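Residue numbers (my numbering): 17 to 459. Here is the structure we will look at.
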Amino acid sequence: MTSKQPKTAKPAAEARRVCVIGAGYVGLPTAGVLSTRGHDVVLAERDERRLNMLLAGEMPIFEPGLDVLLAEGRAAGRLRYMPSAAEAVQGCEFVFLCVPTPQGDDGAADLSYVESAAAEIGPFLEPGTIVINKSTVPVGTVNLVERTIGRSDIAVVSNPEFLREGTAVTDSLHPDRIVVGSTDVRAATAVAELFGSTGAAMVITDPTTAETIKYASNAFLATKISFINAMAALCEAVGADVRDLVLGLGFDKRIGFEFLRPGPGWGGSCFPKDTSALVHIGMEHGYDFGLLRGAIACNDEQIERMVHKLEVAAGGSLDGKTIGIWGLTFKADTDDRRNSPATAITAKVVERGATVRAYDPTVSANDANSPDLAGVEIVADPVEAARGAAVIGLLTEWQEFRWVDFDAVAALMAAPSIVDARNLLDPEAIRRQGFTYVGVGRT
Ligand code: UGA
């Protein structure tokens, strides 16, 4: 069943009582957006530190615009925070599960948080409550949650989230589409109506298809990036320019421009976990998803290719060299370093005997003990990262790197050299300032 919501659809028809469980990257924007749609939202977070920060009006994660969104909900009296999920669900008509589903050792998603949240709330749900899986979960999890709750008067629905970190608020307020998976049309329609007039396409389908759509979206986007990273390697081999190549591709409406930025490889808390999980789901059901395995392998190679670029720029070996690193998060506008290509590359550079001086606007010297930054010296600004460096690796596309004082950087390096893994800088301008410049897929 597929329908497109009319552009003139009214805002959420009726204020509903909604509980969101989990104050993470998905739960926080979800709670904020539902409260701006006029619903009465209670957000349950059992981590005391996170909860106390929220109660004090502070943000436990860095996400542009989230503070304003949540403050609006609080000021309007439509957003409350509570420690106990069991208490929070009482009196609610809708309960969103937004708990983490990390990657288990075998590549499959670890559902223990989903299961324990479902078990905890089960006895306290009002009859007729609709429980919504928003966490990214393997096919069949709606059934698992139904079984865990074990009540015939509770409907469980899949409503996957498509927001990106860094643009989570805009993505949640203006989604391209809303996907709802349920065998219960009444429940699916009620969930769809909660979002009011977003102008988004509405896809109402069965739970298995909804769960698969989420993995398919991330797998497709990751494959698209791997494709352009592979094309960038080919461009380097034949002497073509990947940026013009993307122009030539992107004007074809069937291809488009989105997610065709070559870089150091895709990372974050979603693509690596979800692509592995989908390969695993395929294997469990007798399908070898070779295409996706190829995209994952291509991504691993991309990280290695960036290390190689740094090695070449440093004169053939990293051993004993100082390397300046700009950017550690998995992309710009987030403080998230989970599965960050930048930290993976940095770790390999350290492993090969280099001293690393790294700068990232979201990382301070206090973070230096974090396991992903082992052996890395954190400095307070990008110029300082260049002191004595054989080469600078620009690994995350923070816009501030465009405006660094390159004369000051060059003055701290014996032979100014930069590997721009994000193609952020203008090669001609940077070469004019005396740098050796290496980008991705362009000469
Ligand atoms: C991704 C999806 O884009 C969201 O739709 C989805 O909801 C989310 O995962 C999730 O499953 O929770 P996110 O991981 O926040 O969102 O970040 P993206 O903007 O998709 O970037 C992922 C990685 O791809 C980053 O490492 C980024 O630098 C890289 N990337 C992205 C590129 O290398 N090139 C591009 O053109 C785009």
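Using N, Cα and C, we set each Cβ at its ideal position, and we do this for glycine too. Model, not experiment: these values are computed from the prediction.
Distances between the C-beta of residue 376 and the heavy atoms of the ligand UGA are all 8 angstroms or more. Scanning its chain for C-beta atoms nearer than 7 angstroms, with the 5 sequence neighbours on each side dropped, one finds around residue 208 the residues 194, 196, 218 and 220, in chain order. When distances are taken from the beta-carbon of residue 108 to the heavy atoms of the ligand UGA, even the shortest one reaches 8 angstroms or more. Inter-segment contact for the region 300-311 and the region 333-351 is absent: fewer than three beta-carbon pairs are separated by less than 8 angstroms. The ligand UGA has no heavy atom closer than 8 angstroms to the beta-carbon of residue 129. In the DSSP annotation of this structure, the continuous segment of the alpha helix (DSSP H) that includes residue 422 starts and ends at 422-427. The alpha carbon of residue 281 has as its nearest neighbour, out of 185, 242 and 367, the alpha carbon of 242. Contact between the region 110-129 and the region 43-59 is present: 3 or more CB-CB pairs across the two stretches fall below 8 angstroms.
Pairing residue 329 with residue 407 gives a Cβ-Cβ distance under 9 angstroms.
Distances taken from the Cβ of residue 413 to the heavy atoms of the ligand UGA include one shorter than 8 angstroms. Residue pairing by DSSP places residue 182 in no beta bridge whatsoever. Only residues of its own chain outside the window of five on either side were considered, and among them 231, 235, 305 and 308 have a CB closer than 7 angstroms to the CB of residue 294, listed in chain order.
In this chain, the beta strand (DSSP E) harbouring residue 149 covers 146-149. In summary, residue 148 is buried, with 16 or more beta-carbon neighbours lying within 10 Å of its beta-carbon over all protein chains present. DSSP, reduced to helix, strand and coil, places residue 56 within a strand of the structure shown. Residue 450 and residue 432 do touch by the CB rule: their CB atoms are close to 5 angstroms apart, below 8 angstroms. According to DSSP, residue 433 shares a beta bridge with 452.
In the DSSP assignment, residue 340 falls within the beta strand (DSSP E) that extends over 338-342.
By the neighbour-count criterion, in which a residue is buried when 16 or more other Cβ atoms sit within 10 angstroms of its Cβ, residue 385 is exposed.
Spatial neighbours of residue 343 in its own chain (CB-CB distance under 6 angstroms, excluding positions within 5 residues in sequence) are listed in chain order as 358, 376, 411, 412 and 414. DSSP places residue 241 within a helical segment (H, G or I) once states are collapsed to three.
Here residue 239 is not near residue 124, since their CB atoms are 9 angstroms or more apart. Residue side-chain check: residue 342 keeps its Cβ at 8 angstroms or more from all non-hydrogen atoms of the ligand UGA. Between the ligand UGA and the CB of residue 391, the shortest heavy atom gap is not smaller than 8 angstroms.
Three or more beta-carbon pairs drawn from the region 132-143 and the region 97-108 are found closer than 8 angstroms, and the two stretches are therefore classed as touching.
Rounded to whole angstroms, residue 256 and residue 84 show a C-alpha spacing of 45 angstroms. Cα atoms of residue 115 and residue 165: separation of roughly 16 angstroms, rounded to the nearest angstrom.
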